[in-house]
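*Asks:*
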Amino acid sequence: MTQTEEPKLLKAELFLDRLEEITDQASDGIQKAKL
Numbered sequence: 557m558t559q560t561e562e563p564k565l566l567k568a569e570l571f572l573d574r575l576e577e578i579t580d581q582a583s584d585g586i587q588k589a590k591l
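Mapping the sequence shown onto our numbering, position 20 (from 1) lands on 576, and the numbers just tick up by one.
(1) Compute the Euclidean distance between the alpha carbons of S583 and K567, then round it to the nearest angstrom.
(2) In terms of residues, what are the limits of the alpha helix (DSSP H) holding L566?
(3) Cα separation between K564 and L572?
(4) What separation, rounded to the nearest whole angstrom, lies between the Cα atoms of T579 and G585?
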């Protein structure tokens, strides 16, 4: 792996983490809205 590829991978991982958080919050919101 080259030096330039590593930051991209790190950013992708952080992005996926954020996406997961947002998805969790969204599904929580949907669950509450259904009640």
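Here a beta-carbon is modelled for each residue, glycine too, at the ideal position from N, C-alpha and C.
Treat the numbers as computed from the prediction; the structure is a model and nothing was measured.
*Replies:* In short:
(1) 24 Å
(2) 561-590
(3) 12 Å
(4) 10 Å
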